[in-house]
Every structure is written in C-alpha cells, then in structure tokens.
Amino acid sequence: MSGATARVVSARESARDLVLEVEELETDFYTQEGVVHAVRRVSLEVERGQRVGIVGESGSGKSALALSIVGLIEPPGRIVGGTVRLNGRDISRYSDRQLQRIRGREVSLIFQDPMTALDPVKTIGDQIVEVIRQHRPMRRAAARREAVRLLQDVEVPYAERRLDNYPHQYSGGMRQRVMIAIALANTPDLIIADEPTTALDVTTQAQVLDLLERLVTERSTAVLLITHNLGIVAEFCNRVFVMYAGRVVERASVERLFAVQAHPYSEALLRCVPRPDQLERGPLPTIPGAPPNLAHLPPGCPFEPRCPVGHGVELCVTTVPPPVLVANSGDPVLAECHFAGERYR
Amino acid sequence: MTRIVLDKLFGAGVAIFGASLLAFLFMRVVPGNPARLIVGPLATPQAITAQEHAMGLNKPLWVQYWRYISGIFSGNWGFAYSTGQTVKHEIVARLPASAELGFYAFVFAFLFAILFALVATYRRRRLVDAAIRGLSFIGLGTPPFWLGLLLLLLLSQIWGILPGPEGRLGPNTPPPPTVTHFYTFDALIAGQWGTFWNAIQHLVLPAITLGLAPFAYLVRLLRANLLDISRENFIVVVRSKGVGRWSAFVRHALPNAFLPTLTAAGLLLAQLLTGTVLVEEVFNWPGIGQFVVESILRQDYAVVQTFVLLSAIAYVVVNLLVDVLYGVIDPRVRLPVAR
Numbered sequence: 001m002s003g004a005t006a007r008v009v010s011a012r013e014s015a016r017d018l019v020l021e022v023e024e025l026e027t028d029f030y031t032q033e034g035v036v037h038a039v040r041r042v043s044l045e046v047e048r049g050q051r052v053g054i055v056g057e058s059g060s061g062k063s064a065l066a067l068s069i070v071g072l073i074e075p076p077g078r079i080v081g082g083t084v085r086l087n088g089r090d091i092s093r094y095s096d097r098q099l100q101r102i103r104g105r106e107v108s109l110i111f112q113d114p115m116t117a118l119d120p121v122k123t124i125g126d127q128i129v130e131v132i133r134q135h136r137p138m139r140r141a142a143a144r145r146e147a148v149r150l151l152q153d154v155e156v157p158y159a160e161r162r163l164d165n166y167p168h169q170y171s172g173g174m175r176q177r178v179m180i181a182i183a184l185a186n187t188p189d190l191i192i193a194d195e196p197t198t199a200l201d202v203t204t205q206a207q208v209l210d211l212l213e214r215l216v217t218e219r220s221t222a223v224l225l226i227t228h229n230l231g232i233v234a235e236f237c238n239r240v241f242v243m244y245a246g247r248v249v250e251r252a253s254v255e256r257l258f259a260v261q262a263h264p265y266s267e268a269l270l271r272c273v274p275r276p277d278q279l280e281r282g283p284l285p286t287i288p289g290a291p292p293n294l295a296h297l298p299p300g301c302p303f304e305p306r307c308p309v310g311h312g313v314e315l316c317v318t319t320v321p322p323p324v325l326v327a328n329s330g331d332p333v334l335a336e337c338h339f340a341g342e343r344y345r
Numbered sequence: 346m347t348r349i350v351l352d353k354l355f356g357a358g359v360a361i362f363g364a365s366l367l368a369f370l371f372m373r374v375v376p377g378n379p380a381r382l383i384v385g386p387l388a389t390p391q392a393i394t395a396q397e398h399a400m401g402l403n404k405p406l407w408v409q410y411w412r413y414i415s416g417i418f419s420g421n422w423g424f425a426y427s428t429g430q431t432v433k434h435e436i437v438a439r440l441p442a443s444a445e446l447g448f449y450a451f452v453f454a455f456l457f458a459i460l461f462a463l464v465a466t467y468r469r470r471r472l473v474d475a476a477i478r479g480l481s482f483i484g485l486g487t488p489p490f491w492l493g494l495l496l497l498l499l500l501s502q503i504w505g506i507l508p509g510p511e512g513r514l515g516p517n518t519p520p521p522p523t524v525t526h527f528y529t530f531d532a533l534i535a536g537q538w539g540t541f542w543n544a545i546q547h548l549v550l551p552a553i554t555l556g557l558a559p560f561a562y563l564v565r566l567l568r569a570n571l572l573d574i575s576r577e578n579f580i581v582v583v584r585s586k587g588v589g590r591w592s593a594f595v596r597h598a599l600p601n602a603f604l605p606t607l608t609a610a611g612l613l614l615a616q617l618l619t620g621t622v623l624v625e626e627v628f629n630w631p632g633i634g635q636f637v638v639e640s641i642l643r644q645d646y647a648v649v650q651t652f653v654l655l656s657a658i659a660y661v662v663v664n665l666l667v668d669v670l671y672g673v674i675d676p677r678v679r680l681p682v683a684r
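Have a look at this one:
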C-alpha cells in the first residue's frame with residue numbers, strides 16, 4: 001500500500017492492540033531470469049487473538065511473505081524494504097541472533113508439507129524438546145514431560161510411547177499435529193500457518209483445522225493463515241487479505257468479502273470455490289490465464305490481462321491502481337482496482 | 346532384525362570366500378613356477394620336483410586350496426620363501442605400520458573433509474566454496490608419491506620442521522613396548538611422551554600424502570550432500586523454532602548429509618588400512634605394501650594369498666561397522682518394530 005492511505009489507516013489502527021504490523025514489506029529474489037519481486041510493498045496487520053487469512057493463487061508471494069515476516073528469507077532472496085512490528089517492536093532491523101529469541105517463542109510457523117518438515121533422523125520427542133529448551137531453561141526430563149503434554153493436546157494417541165518414534169512412523173496428519181505442537185510449545189502470540197492442510201487428505205484436513213482452531217482459541221493466539229482455499233478462510237478467519245502478484249489487492253472482513261468483492265480478482269477467486277449445492281454440469285470455473293511473471297511485471301494493473309472488467313481498458317493497461325477505500329464504517333474495505341469504487345455499491 | 350544381520354553375515358562370508366578363491370587362482374594362473382625361483386636357475390629338474398613336493402604344488406588344486414584355507418584358520422599361514430620367515434612373522438612385523446599410517450591418514454581425511462565441507466556450504470560464500478572445490482580437484486588429481494616428495498623437500502629438507510623419510514621413528518628412538526602394535530598408542534600406554542611425539546612427527550607427512558585424495562573425495566561428496574540437505578524443508582522449520590544457523594547445520598543438516606558419506610568413508614578406510622606401496626616407498630615406511638608387491642613378483646603364494654584374505658576381511662568388517670553405524674544414525678534403516 002502506498003502513500004497517504006497507508007498512513008491514515010495505520011494511524012487509526014495503532015490505537016488497537018496489534019500483534020503484527022507489517023508495513024511496505026518488500027522481498028526480492030535474485031535469479032538468473034532477473035529480479036523476482038515476490039513481495040511488493042505489502043502492508044497488513046493482525047490484532048491480538050485475531051485470525052487473519054491471506055488468500056491467493058500459488059506464486060502470488062504468500063509463502064515468501066510468511067518467511068519475510070520472521071526474517072527467514074535465504075539467498076538468493078532478500079528483504080529489501082519495509083518494517084515488521086511484532087508486539088510493538090520493530091523487528092525488521094533485528095540481527096539473526098535477536099530474531100532467534102523471537103522465532104518459536106513469540107511467533108511460530110506451521111508449514112505446508114508435514115512429510116518434509118521434520119528431521120528424519122531425530123525422534124519426534126527430540127524435535128519438540130528442541131523448541132522448548134531453545135527458549136526456556138528447563139531440564140531435559142521436564143521438557144520431555146512438557147512434550148508429552150503437548151502431544152496429548154494435539155491428540156496424538158499414546159503420546160508418551162510415541163514420543164520416541166521417528167517421523168517415518170507417523171502419518172501425514174499426525175506429523176502436522178506434531179508441527180502444531182511445536183508451533184504452540186512456547187505459547188506464542190502469533191502463529192503463521194502456511195497452507196497447513198493443503199498436503200493432507202480431505203477428512204484429515206478438517207480434523208487438523210478443527211484442532212488448530214480449538215487450540216488457538218484456548219490460548220487466544222493470533223493466526224495468520226495462508227491458503228488458496230477460500231472455504232477454509234470462511235470457516236476459520238475473521239479478516240482476509242487477498243494477494244495477487246506480490247501485492248495485497250483487497251482487504252476486508254470475511255463477512256464483507258464473501259458478500260461483495262471490490263476487486264475483480266477476489267470475485268473470480270470466490271467463483272472458483274466449488275459449492276456442492278450449486279454444481280452444474282460442465283467444467284469447474286477457473287480464472288483464465290496465469291499470474292504474471294514476477295520478474296517482468298506489466299506497467300499497469302497486474303491483473304489486467306486476466307480481468308473481466310478491465311481487460312483492454314487503457315487506464316488499467318497503463319496505470320497501477322492505487323488502493324481505494326471503498327467502505328469505511330468500522331469495517332474498512334480497501335481494494336487496488338480502478339473500478340473498486342464503482343463496483344462497490 | 347536378526348534376518349538383516351544374518352543376511353549381512355552371509356554376504357560377508359561370500360565376499361571373503363570369493364576373495365580367497367580369486368587370490369588363490371590368480372596366483373596359479375600367472376605363468377612361472379615358484380619352486381624354480383626358489384631353487385635357482387642352475388638347479389636340476391630333480392631338485393625342482395623335490396621343491397614342488399615340499400611345497401605341495403604337485404597336489405590337485407582343490408587340495409592346495411583346502412590346505413590354504415584350513416591353514417589360515419588354524420593359524421598356520423605358511424612360509425615366505427622370499428624372506429625365509431613365516432608369513433605370520435612378516436605380516437605381524439609390517440601390517441601394523443601400514444595400518445597405523447592408514448588410520449591417521451583416514452582420520453585426517455575424514456575430519457578435515459567434514460570441516461571443509463561445512464565451511465564451504467555454511468555461509469554460501471562463493472569464493473570460499475570455489476576455493477575448497479578447487480582444493481579438492483587438486484587433491485584428486487595429485488599423484489601421492491609426487492606430493493610426498495614435494496612435502497619432504499619443503500618441510501624436511503628446506504625448512505627442517507618435520508623429520509625426513511626415516512620410517513616410523515627417528516634413529517635414536519627405540520619403539521615402545523608392544524601392546525597394540527600402533528607406536529602412537531603404545532607410547533601413550535607406556536607413558537613415553539617423547540616417543541609419542543616422535544611417532545606423530547613421523548606420521549604427519551605420510552598421513553597427509555596418503556589422505557589427500559580420500560579427503561578430496563569426501564569433501565566433494567559431503568559438500569554436495571550438505572547443499573542438498575540445507576535446502577530441505579525441515580531446516581527452515583528448525584530455524585523457525587529459533588535455532589541458530591550453525592546449530593541447525595551441525596545438529597540437523599550434518600547427520601542427514603552424513604549417511605552417503607559413511608559408506609564411501611568405510612571403503613576408503615579399508616583401503617587405507619591395508620597400505621599403499623608408493624607412499625610407503627617415498628617415506629621409507631616399513632609397511633606391508635612394498636612387501637606384498639615384491640611377493641607377487643616372486644610368486645610367493647602364501648604371502649599374497651594371506652594378504653588378500655586379510656584385506657578382504659578388513660573390508661568386510663569395516664563395511665559391517667558402517668552398516669551398524671548407519672542404523673544408529675538413520676532410524677529408517679532399522680525395521681519398524683512397533684507402529
């Protein structure tokens with residue numbers, strides 16, 4: 001978000017109790033193809049205990065955003081600008097050593113693929129104990145007891161016995177429960193969950209999501225949920241940020257977004273969610289075309305080539321749309337579309 | 346689990362049997378007659394026949410093979426005609442020197458390979474990585490005997506930092522009382538610090554010379570594996586727990602990257618333990634390599650057969666150890682006992 005609007009909105013929001021406040025965050029990847037702008041001046045905020053969704057197609061920069069927030073972008077990637085405030089402190093200038101005290105304690109991550117997220121040659125117990133002892137001075141035995149409690153919390157049966165199992169002895173769903181246990185181990189204020197259920201089969205998805213919901217509600221942990229699945233957003237989140245080509249193109253409460261979409265991309269995304277009651281014969285709706293190459297962005301609106309509203313419109317081809325505040329009655333909606341104001345009536 | 350162990354043991358037995366058979370047959374296929382070599386060029390045919398009888402060379406092959414094998418297991422390893430000593434005496438006198446050198450060469454290669462591979466991959470500095478890769482290329486391409494001569498020239502002749510090619514100890518240092526046959530260990534056991542230091546000084550150059558190629562090989566292998574593993578998802582997860590880069594690398598990336606290296610290291614160790622001719626020659630090392638080569642030329646059957654068999658046993662034992670270590674490091678190798 002650029003310029004004045006950002007400052008107006010964030011000035012109002014600083015009065016609220018924010019766990020996470022990201023401003024103008026920018027992350028580039030230096031590849032052979034050129035500089036890939038994965039995260040392009042993204043601003044977002046998460047209130048204490050709030051559940052915020054980030055939706056978008058794959059390649060829209062969601063995962064890079066998650067890693068950028070906790071400073072885990074590895075070369076060839078680099079965070080080139082912006083600030084990240086966690087519990088009011090600007091952590092974007094922190095050294096890695098300072099960030100180490102925050103990761104796993106104030107903010108935890110859950111990743112997409114539980115099959116590759118655990119070290120195959122260490123026991124589950126050791127991997128939970130590691131995060132506990134990293135942040136709390138605790139004897140091994142005590143940390144192990146704590147790990148058993150955590151495994152019980154995430155409903156792993158026979159927790160005590162399974163503590164000494166290795167990852168290959170766990171199923172995918174069970175491994176994701178372990179990841180949740182690791183994320184919750186030090187009761188962080190914020191969990192960033194990057195597609196936490198995408199790699200699981202459908203029934204397991206629902207179980208894991210319900211579990212996560214129960215646990216974060218009990219602890220009033222804020223969650224930044226990254227997903228491409230609007231159904232999950234509807235179920236889980238209070239607020240939603242729609243990402244496209246490295247930008248947040250629409251921000252709204254979940255109720256508002258599902259009622260009216262200010263950005264044509266949001267509308268298209270929503271149309272792609274299959275609803276069993278409305279299924280007709282024929283192919284499922286898709287968004288034609290592909291997201292733009294983040295190394296060679298078009299000069300105008302990045303969605304213009306695929307947009308049902310603005311395709312071929314000169315304004316859309318030539319000018320990047322600024323964020324437009326389309327509704328502002330305690331539940332603001334911001335959208336980056338030249339037609340957002342017209343559409344939102 | 347017992348099934349796996351039995352499989353391994355069976356495989357080991359087959360390997361040792363095969364090696365003994367090959368050594369036995371190759372020696373006999375090679376043209377020439379050892380009896381003739383022993384009695385000399387002017388001997389009468391009768392003398393040659395008598396010598397053949399004495400050595401059992403007139404017996405059928407399978408009887409000769411049986412004598413060889415049963416001799417090995419009953420501790421009678423035969424007689425080395427070329428030196429006039431029993432084979433056992435010769436091997437006990439020479440193998441420990443080779444084994445000690447090989448052991449230290451391996452320790453040097455292995456430890457430095459880990460260190461250099463970590464340095465090459467840890468910070469992802471291109472220059473450091475390129476330098477280490479270059480070094481490993483040089484290591485792989487350098488003939489050890491040439492490197493040995495160069496090191497001797499520089500460090501012993503010109504700078505005088507280390508002793509010259511005097512063998513295992515300096516001329517004024519008596520060997521320590523024998524326990525393990527390794528001079529360094531025996532000196533420590535006897536508390537003879539001077540002897541220990543002397544032995545170490547004599548080991549440095551030959552160990553580096555012998556270990557450089559295995560070092561270079563292991564660096565390349567470990568570096569590639571470390572790079573692969575450090576891109577794995579679980580390393581990011583570990584970092585997201587608040588673990589530092591170095592700890593994540595050493596505690597998580599290294600054990601995983603280690604697995605393929607271990608197999609290679611086992612083979613290298615077995616190879617190094619049984620000696621290398623040229624390096625021993627350059628450093629005047631009283632090892633077994635030179636002796637075995639001479640024995641082959643002189644068709645000294647008993648020496649070669651015994652040596653090949655002992656080498657095969659060394660290979661097999663080291664590889665069994667590697668398999669066991671594999672199981673210790675990688676839980677997926679162990680059978681899932683309970684689900």
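Top line first, the protein sequences correspond to chains A and B. For the first sequence, the residue numbers in the working numbering are 1 to 345. For the second sequence, the residue numbers in the working numbering are 346 to 684. By construction, the Cβ of each residue, glycine as well, lies at the ideal position given by its N, Cα and C atoms. Note that the coordinates shown come from a computational prediction; the quantities given were computed from them, not determined experimentally.
Taking 9 Å as the threshold (beta carbon to beta carbon), is residue i in contact with chain B?
i: threonine 123 of chain A; result: yes
i: methionine 138 of chain A; result: no
i: aspartate 96 of chain A; result: yes
i: glutamate 74 of chain A; result: yes
i: aspartate 28 of chain A; result: no
i: methionine 179 of chain A; result: yes
i: valine 208 of chain A; result: no
i: leucine 67 of chain A; result: yes
Do you know whose CA, among the options, lies nearest residue i's CA?
i: glutamine 169 of chain A; options: B/Ile349, B/Asp675, B/Phe369; result: B/Asp675
i: glutamate 577 of chain B; options: A/Met115, A/Val202, A/Gly82; result: A/Met115
i: leucine 460 of chain B; options: B/Ile349, B/Thr540, B/Ser443, B/Phe594; result: B/Phe594
i: isoleucine 191 of chain A; options: A/Val107, A/Glu235, A/Leu269; result: A/Val107
i: isoleucine 436 of chain B; options: B/Gln650, B/Val374, B/Lys353; result: B/Gln650
i: glycine 34 of chain A; options: A/Asp17, A/Gly82, A/Lys62, A/Gly77; result: A/Gly77
i: glycine 104 of chain A; options: A/Asp189, A/Glu255, A/Ala206, A/Pro298; result: A/Asp189
i: arginine 51 of chain A; options: A/Val240, A/Gly310, A/Glu26, A/Val202; result: A/Val240
i: valine 248 of chain A; options: A/Val19, A/Val46, A/Gly61; result: A/Gly61
Can you name the residues of chain A whose CB is closer than 7 Å to the CB of residue i?
i: lysine 586 of chain B; result: Arg103, Gly104, Glu130, Val131, Gln134, Ile182
i: aspartate 474 of chain B; result: What aspartate 474 of chain B touches in chain A: nothing, since even the nearest Cβ is about 12 Å away.
Which bits of chain A does residue i rub up against, with CB to CB less than 8 Å?
i: phenylalanine 579 of chain B; result: Thr116, Ala117, Leu118, Asp119, Pro120
For chain A, is any of its Cβ atoms less than 9 Å away from the one on residue i?
i: proline 488 of chain B; result: no
i: arginine 513 of chain B; result: no
i: threonine 675 of chain B; result: The question names threonine, but residue 675 of chain B is aspartate in the sequence shown. It does; some Cβ of chain A falls within 9 Å.
i: arginine 469 of chain B; result: yes
i: valine 582 of chain B; result: yes
i: arginine 684 of chain B; result: Unreliable placement is indicated for arginine 684 of chain B, whose pLDDT of 34 sits below 50; no coordinate value is reported for it.
With burial defined as no fewer than 16 other Cβ atoms inside 10 Å of the residue's Cβ, what is the status of residue i: buried or exposed?
i: serine 2 of chain A; result: A caution first: serine 2 of chain A carries a pLDDT of 47, below 50, which makes its placement in the model unreliable, though a value can still be read off. Exposed, since its Cβ has fewer than 16 Cβ neighbours within 10 Å.
i: cysteine 307 of chain A; result: buried
i: tryptophan 504 of chain B; result: exposed
i: threonine 187 of chain A; result: exposed
i: tyrosine 344 of chain A; result: buried
i: glutamine 537 of chain B; result: buried
i: asparagine 403 of chain B; result: exposed
i: arginine 40 of chain A; result: buried
i: isoleucine 124 of chain A; result: buried
i: aspartate 164 of chain A; result: exposed
If the cut is a Cβ gap below 8 Å, which residues of chain B does residue i touch?
i: histidine 37 of chain A; result: Per Cβ cutoff of 8 Å: no residues; histidine 37 of chain A is ~21 Å from chain B at best.
i: glutamine 100 of chain A; result: Gly587, Val588, Gly589
i: valine 70 of chain A; result: Ser585
In chain B, what lies closer than 7 Å to residue i by C-beta?
i: leucine 109 of chain A; result: Ser585
Against residue i, what residues of chain B qualify as contacts under a CB-to-CB distance less than 9 Å, listed in chain order?
i: aspartate 113 of chain A; result: Asn578
The ligand MN and residue i: does any heavy atom of the ligand fall closer than 8 Å to the residue's C-beta?
i: leucine 25 of chain A; result: Of ligands this structure carries none, so the ligand MN is not represented either.
Compile a chain-ordered list of the residues in the region 596 to 627 of chain B whose CB is closer than 7 Å to at least one CB of chain A. If the cut-off is 7 Å between Cβ atoms, the region 596 to 627 of chain B has His597, Pro600, Asn601 near chain A.
When Cβ atoms are compared, which residues of the region 147 to 169 of chain A fall closer than 9 Å to chain B? Against chain B - using a Cβ distance shorter than 9 Å - the residues of the region 147 to 169 of chain A are Arg161, Asn165, Tyr166, Pro167, His168, Gln169.
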